[in-house]
Each structure stands twice: as structure tokens, then as C-alpha cells.
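Numbering (the numbering used here), first residue to last: 65 to 278.
Where is the CB? At the ideal position from N, CA and C, for every residue including glycine.
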């Protein structure tokens, strides 16, 4: 499975407004992302593993609340922090990862497992934050790195997309930030201003994906 490293600097103006903390050093962030991917993060970085917050890597148990609690612990830590998603399959519904964070440096999210979206469309019809699958909001400095996959399980819901025939259709869930496999509607969606760099990031869609050329 191909590795991906995503280096992301998101100003607080992304959704809620505000100012960036400082200039973004892309080279330094990329170096840190590669170190995280290789497991060479140093003793000063505290790891927050989703398993320690109750997430089950069985691909069947919903881990949304476990992922959110892990992120909140890492984000609120007053020191260098890394959220770890280890090998295994993790089923997850809509989750909002919201800052601002207390970390003095870029927060790292290390993804080595497979994060799979809930395929039941009822999870995405609550409105507001429940419309999207994964949302990163108001985070001033974020690195997502690793050899993992965000799997949208789109093939299980593409048949429900009848918007071409109905004007009042229910929109399939969007993804505010995703390294997707079988995306439900589209892969990567950004709001507001952001400075980002993508390295070795690949997306895939099955032939029956009706949205692949949009």
C-alpha cells in the first residue's frame, strides 16, 4: 500500500475566523512528516493512540467517539503531540476534529490503518457536522502522515445518487479532508484559506464511480 504524507497548515480563518500564528515552514513540516512516517519522532512527542481510547480495529465497531476523544486529548496537550491510528480496520461515521489546539508545534496524525466510512446513509442526514464524513476545523498547523487509507466505501452508496433525475434529492456526504478510496461524492474539499502540500498522496475510484470526473 502506497505511503502518503500530507502536510497541512490551516489558518484559523478556515471556518471560524482568526489569524495564523506565524509563517509556515513547508520544508520543516515535510521533514517532520517523513520522520513521523518512519517512526522517528523523538522522545519529546507524546503519542495518543486510538486503541487507548477504546477504538476497536475490527472494521465493524463504530469508532467515531474514540477517534474524537483521542484527537481532543492530543489537541489539548500542552506539548508536542501525535495522534496514532495503528494497523487494523476502523469503522467511523461523521467526525469533526476541531481546534484551536494547544500544541506548540504542528500536530501530527499518524495513519497506518484503514479508516472506513459508515456505509449507512442515515449517519449523514443529521445536518450540520453530520453531513460530511471527516472535517478538520480551525487547526493552525497539521500533519497527516503514514501508510494508511481513508476508505469512503462509496461503492455501497453510489446507487442512491439520483440527483441527475430528482431536484429534491438528498446530497451524498461530502468530505472536508480525505485521502480517499471509493469516495462517496468527491475526494478533497477545502473551505477558506489554507496553505497545503501533498506528498505521495494517491486516490482511487472504482469504474462504477459516477463522480470520478467531476
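Can the beta-carbon of residue i be found less than 8 Å from the beta-carbon of residue j?
i           : j           : result
residue 109 : residue 149 : no
residue 161 : residue 125 : no
residue 127 : residue 147 : no
residue 201 : residue 152 : no
residue 118 : residue 102 : no
residue 143 : residue 176 : no
When the Cα atoms are used, what is the spatial distance from residue i to residue j?
i           : j           : result
residue 278 : residue 107 : Since pLDDT at residue 278 reaches only 39, below the 50 mark, its modelled position is unreliable, and the value read off the structure follows with that caveat. Looking at the two C-alpha atoms, the distance is approximately 44 Å.
residue 217 : residue 158 : 13 Å
residue 137 : residue 172 : 13 Å
residue 123 : residue 184 : 14 Å
residue 168 : residue 203 : 12 Å
residue 112 : residue 180 : 20 Å
residue 100 : residue 170 : 12 Å
residue 139 : residue 132 : 10 Å
So the candidates are the options; which of them puts its Cα closest to the Cα of residue i?
i           : options               : result
residue 166 : 178, 146 and 141      : 141
residue 104 : 155, 209, 123 and 196 : 209
residue 182 : 156, 212, 144 and 111 : 156
residue 206 : 174, 117, 179 and 196 : 174
residue 178 : 120, 132 and 170      : 120
Would you decide whether residue i is buried or exposed? Buried here means 16 or more other CB atoms lie within 10 Å of its CB.
i           : result
residue 97  : buried
residue 145 : buried
residue 7   : In this structure the chain extends from 65 to 278, so residue 7 is not present and cannot be described.
Check your understanding: For the stretch 144–171, which segments carrying the alpha helix (DSSP H) assignment without a break, of at least 4 residues, lie completely within its bounds, in sequence order?
Key -> Listed in chain order, the alpha helix (DSSP H) elements of length 4 or more contained wholly in the stretch 144–171 amount to none.
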